[in-house]
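Enquirer:
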Amino acid sequence: MEYLVPGSLHQGVCLDVGPLPVLEWNDTKYASENQGSINLPVWLILNEILDPMNVGAVIRSAQYFGVDKLFVVKGSSCKLSPTVSKASSGALEVMDIYQIEKLEHFLQVKKTQGWNIISTVAYCDDESGVPSQITDITDFKISKPTILILGNEAKGISLEIQKLCDTFVSIPPTNNLHPGIDSLNVSVAAGVILYSLSSGRKDAH
1 MEYLVPGSLH QGVCLDVGPL PVLEWNDTKY ASENQGSINL PVWLILNEIL DPMNVGAVIR
61 SAQYFGVDKL FVVKGSSCKL SPTVSKASSG ALEVMDIYQI EKLEHFLQVK KTQGWNIIST
121 VAYCDDESGV PSQITDITDF KISKPTILIL GNEAKGISLE IQKLCDTFVS IPPTNNLHPG
181 IDSLNVSVAA GVILYSLSSG RKDAH
(Lines of atoms letter the chains of each structure in order from A and count residues from 1; the text may use other names and numbers.)
(Lines give C-alpha, C1' and ligand atoms only; values in the text may rest on other atoms or scores of the structure.)
Protein backbone atom coordinates (compact mmCIF):
# COMPACT_ATOMS: atom_id res chain seq x y z
CA MET A 1 0.00 0.00 0.00
CA GLU A 2 2.84 2.40 0.81
CA TYR A 3 4.27 1.69 -2.64
CA LEU A 4 0.96 2.48 -4.36
CA VAL A 5 0.35 5.76 -2.51
CA PRO A 6 3.71 6.96 -1.16
CA GLY A 7 3.43 9.69 1.44
CA SER A 8 -0.37 9.70 1.46
CA LEU A 9 -2.79 8.80 4.25
CA HIS A 10 -4.55 5.67 3.01
CA GLN A 11 -6.01 4.03 6.16
CA GLY A 12 -5.45 0.67 4.52
CA VAL A 13 -7.84 1.37 1.63
CA CYS A 14 -6.98 2.01 -2.03
CA LEU A 15 -9.37 2.38 -4.98
CA ASP A 16 -8.57 2.52 -8.69
CA VAL A 17 -10.84 5.10 -10.35
CA GLY A 18 -11.18 6.81 -13.71
CA PRO A 19 -11.51 10.49 -14.64
CA LEU A 20 -14.64 12.28 -13.49
CA PRO A 21 -16.94 12.74 -16.49
CA VAL A 22 -18.14 16.26 -17.28
CA LEU A 23 -21.18 16.20 -19.57
CA GLU A 24 -21.32 18.54 -22.54
CA TRP A 25 -24.65 20.39 -22.38
CA ASN A 26 -27.00 19.80 -25.28
CA ASP A 27 -30.20 21.81 -24.92
CA THR A 28 -32.11 19.61 -27.35
CA LYS A 29 -31.07 16.42 -25.56
CA TYR A 30 -31.42 17.46 -21.93
CA ALA A 31 -33.83 20.42 -21.76
CA SER A 32 -37.02 18.42 -21.32
CA GLU A 33 -35.41 15.59 -19.35
CA ASN A 34 -37.62 14.89 -16.32
CA GLN A 35 -38.90 18.47 -16.32
CA GLY A 36 -42.47 17.25 -16.14
CA SER A 37 -41.82 15.88 -12.63
CA ILE A 38 -39.92 18.93 -11.33
CA ASN A 39 -41.85 21.89 -9.95
CA LEU A 40 -39.98 25.18 -10.37
CA PRO A 41 -36.56 23.71 -11.21
CA VAL A 42 -33.47 25.53 -9.95
CA TRP A 43 -30.22 25.32 -11.92
CA LEU A 44 -26.85 26.61 -10.72
CA ILE A 45 -24.01 27.95 -12.90
CA LEU A 46 -20.45 28.42 -11.60
CA ASN A 47 -18.68 31.09 -13.64
CA GLU A 48 -15.00 31.90 -13.06
CA ILE A 49 -14.86 30.57 -9.49
CA LEU A 50 -11.18 29.76 -9.11
CA ASP A 51 -10.69 28.40 -5.59
CA PRO A 52 -11.21 24.61 -5.58
CA MET A 53 -12.28 24.69 -1.94
CA ASN A 54 -15.02 27.17 -2.81
CA VAL A 55 -16.15 25.12 -5.80
CA GLY A 56 -16.31 21.96 -3.69
CA ALA A 57 -18.24 23.68 -0.91
CA VAL A 58 -20.74 25.14 -3.40
CA ILE A 59 -21.29 21.71 -4.97
CA ARG A 60 -21.93 20.27 -1.52
CA SER A 61 -24.57 22.93 -0.82
CA ALA A 62 -26.10 22.41 -4.27
CA GLN A 63 -26.58 18.71 -3.60
CA TYR A 64 -27.90 19.33 -0.08
CA PHE A 65 -30.50 21.88 -1.16
CA GLY A 66 -31.72 19.96 -4.19
CA VAL A 67 -30.32 21.91 -7.14
CA ASP A 68 -31.68 20.15 -10.21
CA LYS A 69 -28.74 20.78 -12.55
CA LEU A 70 -25.24 22.13 -11.98
CA PHE A 71 -23.12 23.77 -14.68
CA VAL A 72 -19.57 25.01 -15.12
CA VAL A 73 -18.46 27.29 -17.95
CA LYS A 74 -15.77 25.68 -20.07
CA GLY A 75 -12.31 27.06 -19.36
CA SER A 76 -13.48 29.63 -16.81
CA SER A 77 -13.55 27.91 -13.41
CA CYS A 78 -11.03 25.67 -11.68
CA LYS A 79 -10.82 22.04 -12.75
CA LEU A 80 -12.89 19.43 -10.93
CA SER A 81 -9.90 18.06 -9.04
CA PRO A 82 -9.45 15.75 -6.03
CA THR A 83 -9.35 18.91 -3.88
CA VAL A 84 -12.78 19.92 -5.19
CA SER A 85 -14.09 16.43 -4.52
CA LYS A 86 -12.77 16.43 -0.95
CA ALA A 87 -14.24 19.88 -0.25
CA SER A 88 -17.59 18.66 -1.59
CA SER A 89 -17.57 15.74 0.89
CA GLY A 90 -18.46 13.37 -1.94
CA ALA A 91 -21.23 15.46 -3.51
CA LEU A 92 -19.12 15.82 -6.66
CA GLU A 93 -19.30 12.05 -7.12
CA VAL A 94 -23.11 11.88 -7.02
CA MET A 95 -24.09 14.98 -9.00
CA ASP A 96 -23.97 15.24 -12.78
CA ILE A 97 -21.88 18.25 -13.81
CA TYR A 98 -22.68 19.84 -17.17
CA GLN A 99 -20.30 22.01 -19.17
CA ILE A 100 -21.41 25.11 -21.09
CA GLU A 101 -19.40 26.33 -24.07
CA LYS A 102 -20.85 29.86 -24.38
CA LEU A 103 -22.61 31.22 -21.31
CA GLU A 104 -24.20 34.25 -22.98
CA HIS A 105 -25.85 32.12 -25.67
CA PHE A 106 -27.01 29.58 -23.08
CA LEU A 107 -28.70 32.31 -21.01
CA GLN A 108 -30.29 33.93 -24.05
CA VAL A 109 -31.87 30.60 -25.00
CA LYS A 110 -33.14 30.02 -21.46
CA LYS A 111 -34.68 33.49 -21.30
CA THR A 112 -36.68 32.76 -24.46
CA GLN A 113 -37.87 29.57 -22.76
CA GLY A 114 -39.25 31.54 -19.81
CA TRP A 115 -36.51 31.02 -17.25
CA ASN A 116 -35.68 33.61 -14.60
CA ILE A 117 -31.95 34.46 -14.48
CA ILE A 118 -30.66 35.68 -11.11
CA SER A 119 -27.24 36.52 -9.72
CA THR A 120 -25.54 38.36 -6.89
CA VAL A 121 -23.63 41.62 -7.10
CA ALA A 122 -22.05 43.89 -4.51
CA TYR A 123 -23.40 46.99 -6.24
CA CYS A 124 -24.63 48.18 -9.65
CA ASP A 125 -23.42 51.23 -11.52
CA ASP A 126 -26.36 53.36 -12.66
CA GLU A 127 -24.66 53.94 -16.02
CA SER A 128 -23.88 50.30 -16.66
CA GLY A 129 -27.29 49.42 -18.06
CA VAL A 130 -27.83 47.06 -15.14
CA PRO A 131 -30.76 47.67 -12.76
CA SER A 132 -29.58 49.51 -9.66
CA GLN A 133 -32.24 47.90 -7.46
CA ILE A 134 -31.12 44.75 -5.65
CA THR A 135 -33.63 42.39 -4.04
CA ASP A 136 -33.15 41.05 -0.53
CA ILE A 137 -32.97 37.25 -0.89
CA THR A 138 -35.61 36.90 1.84
CA ASP A 139 -37.98 38.97 -0.31
CA PHE A 140 -37.32 37.07 -3.54
CA LYS A 141 -40.27 34.95 -4.63
CA ILE A 142 -39.58 32.03 -6.94
CA SER A 143 -42.44 31.77 -9.41
CA LYS A 144 -40.89 30.11 -12.46
CA PRO A 145 -37.85 28.01 -13.45
CA THR A 146 -34.77 29.77 -12.12
CA ILE A 147 -31.06 29.85 -12.92
CA LEU A 148 -28.64 31.18 -10.29
CA ILE A 149 -25.22 32.37 -11.49
CA LEU A 150 -22.32 32.60 -9.05
CA GLY A 151 -19.29 34.52 -10.26
CA ASN A 152 -15.63 35.11 -9.50
CA GLU A 153 -14.61 35.54 -5.86
CA ALA A 154 -13.15 39.01 -6.51
CA LYS A 155 -14.89 40.37 -9.61
CA GLY A 156 -18.30 38.70 -9.54
CA ILE A 157 -19.91 38.25 -12.96
CA SER A 158 -19.07 40.25 -16.06
CA LEU A 159 -21.12 43.23 -17.23
CA GLU A 160 -22.23 41.24 -20.29
CA ILE A 161 -23.69 38.51 -18.08
CA GLN A 162 -25.21 41.05 -15.67
CA LYS A 163 -27.18 42.53 -18.56
CA LEU A 164 -28.79 39.12 -19.16
CA CYS A 165 -29.94 38.78 -15.55
CA ASP A 166 -33.54 39.47 -14.59
CA THR A 167 -32.90 39.91 -10.87
CA PHE A 168 -29.99 40.54 -8.53
CA VAL A 169 -30.25 39.22 -4.97
CA SER A 170 -28.34 40.20 -1.86
CA ILE A 171 -27.91 38.79 1.62
CA PRO A 172 -28.46 41.58 4.15
CA PRO A 173 -26.03 41.75 7.07
CA THR A 174 -27.40 41.74 10.61
CA ASN A 175 -24.58 43.93 11.89
CA ASN A 176 -22.81 47.13 10.91
CA LEU A 177 -20.08 46.04 8.52
CA HIS A 178 -16.43 46.88 8.98
CA PRO A 179 -15.01 48.90 6.04
CA GLY A 180 -13.65 46.49 3.45
CA ILE A 181 -15.78 43.55 4.62
CA ASP A 182 -18.88 44.05 2.51
CA SER A 183 -19.68 40.53 1.33
CA LEU A 184 -19.68 36.83 2.15
CA ASN A 185 -17.44 34.12 0.79
CA VAL A 186 -19.02 32.75 -2.40
CA SER A 187 -19.56 29.29 -0.92
CA VAL A 188 -21.26 30.73 2.17
CA ALA A 189 -23.43 33.00 0.02
CA ALA A 190 -24.35 30.00 -2.15
CA GLY A 191 -25.59 28.07 0.88
CA VAL A 192 -27.74 30.96 2.11
CA ILE A 193 -29.26 31.67 -1.31
CA LEU A 194 -29.88 28.02 -2.17
CA TYR A 195 -31.59 27.46 1.18
CA SER A 196 -33.86 30.43 0.50
CA LEU A 197 -34.69 29.19 -3.01
CA SER A 198 -35.36 25.69 -1.67
CA SER A 199 -37.73 27.08 0.95
CA GLY A 200 -39.40 29.26 -1.68
CA ARG A 201 -40.10 26.23 -3.85
CA LYS A 202 -41.86 24.51 -0.95
CA ASP A 203 -43.95 27.59 -0.18
CA ALA A 204 -44.95 27.94 -3.85
CA HIS A 205 -46.55 24.49 -3.95
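Residues in the sequence shown are numbered consecutively from 1, following UniProt numbering. Every residue, glycine too, gets a C-beta built ideally from N, C-alpha and C. Note that the structure is a prediction, hence the values are computed from the model and not measured.
Do the region 73-80 and the region 1-13 make contact, defined as three or more Cβ pairs closer than 8 Å?
Expert: With the cut-off at 8 Å, the region 73-80 and the region 1-13 do not touch.
Enquirer: Taking the CB atoms as reference points, tell me whether N185 and N54 lie closer together than 8 Å.
Expert: Closer than 8 Å, so yes.
Enquirer: Do you know how far the Cα of S183 is from the Cα of G56?
Expert: Going from the Cα of G56 to the Cα of S183 covers about 20 Å.
Enquirer: Kindly provide the ranges of any beta strand (DSSP E) runs that are 3 or more residues long and lie completely inside the region 96-166, ordered along the chain.
Expert: Listed in chain order, the complete beta strand (DSSP E) runs (minimum 3 residues) inside the region 96-166 are 97-100, 116-120 and 146-150.
Enquirer: Could you pull the start and end residues of the alpha helix (DSSP H) that V94 belongs to?
Expert: Run containing V94: A91 to V94, per the alpha helix (DSSP H) assignment.
Enquirer: Return the CA-CA distance between W115 and S199, expressed in angstroms with no decimal places.
Expert: Going by the C-alpha atoms only, they are around 19 Å apart.
Enquirer: Could you tell me the alpha carbon to alpha carbon distance between W43 and Y195, rounded to whole angstroms?
Expert: If I take the Cα positions, the gap works out to 13 Å.
Enquirer: Apart from the five residues just before and just after I161, which ones in its own chain have a Cβ nearer than 8 Å to its Cβ?
Expert: Result list for I161: N47, L103, E104, L107, S119, I149 and G151, in chain order.
Enquirer: Here's a check: name, in chain order, each residue in its chain whose Cβ is nearer than 8 Å to the Cβ of A189, leaving out the five neighbours to either side.
Expert: Only T120, L150, I171 and S183 meet the Cβ criterion.
Enquirer: Between the C-alpha atoms of M1 and V17, what's the straight-line distance to the nearest angstrom?
Expert: Their Cα atoms are separated by approximately 16 Å.
Enquirer: How many Å lie between P19 and V94 at the Cα?
Expert: For P19 and V94, the distance between alpha carbons rounds to 14 Å.
Enquirer: Look at the Cβ atom of P145, then the Cβ atom of L50, and state whether they are nearer than 8 Å.
Expert: Taking 8 Å as the Cβ cut-off, P145 and L50 do not qualify as a contacting pair.
Enquirer: Buried or exposed: A154, going by 16 or more other Cβ atoms within 10 Å of its Cβ?
Expert: Looking at its Cβ environment, which holds fewer than 16 other Cβ atoms inside 10 Å, A154 is exposed.
Enquirer: For I147 versus V169, is the C-beta distance shorter than 8 Å?
Expert: No.
Enquirer: Please list the terminal residues of the continuous alpha helix (DSSP H) segment that includes L70.
Expert: Careful: L70 lies outside any alpha helix (DSSP H), inside the beta strand (DSSP E) at K69 to V73.
Enquirer: Using alpha carbons as the reference points, say which of D27, V67, E101 and R60 lies closest to Q113.
Expert: Nearest C-alpha to Q113: D27.
Enquirer: Going straight from the alpha carbon of S37 to that of D68, what length do you get?
Expert: Confidence at S37 is low in this model, with a pLDDT of 46, below 50, so the placement of that residue is unreliable and no value is reported for it.
Enquirer: Would a C-beta distance cut-off of 8 Å place S158 and V58 closer than the cut-off?
Expert: Their beta carbons are not under 8 Å apart, which means S158 does not touch V58 by this criterion.
Enquirer: Would you mind reading off the limits of the alpha helix (DSSP H) that contains E193?
Expert: The residue you asked about is not Glu; residue 193 is Ile in the sequence shown. Unbroken alpha helix (DSSP H) run through I193: V186 to A204.
Enquirer: Would you call the CB atoms of L80 and I100 closer than 8 Å?
Expert: No.
Enquirer: Over the uninterrupted beta strand (DSSP E) stretch that includes I45, give me the two end residues.
Expert: Its beta strand (DSSP E) spans residues V42 to L46.
Enquirer: Report the residue from S61, P52 and L70 whose alpha carbon sits nearest the alpha carbon of S85.
Expert: Closest by alpha carbon: P52.
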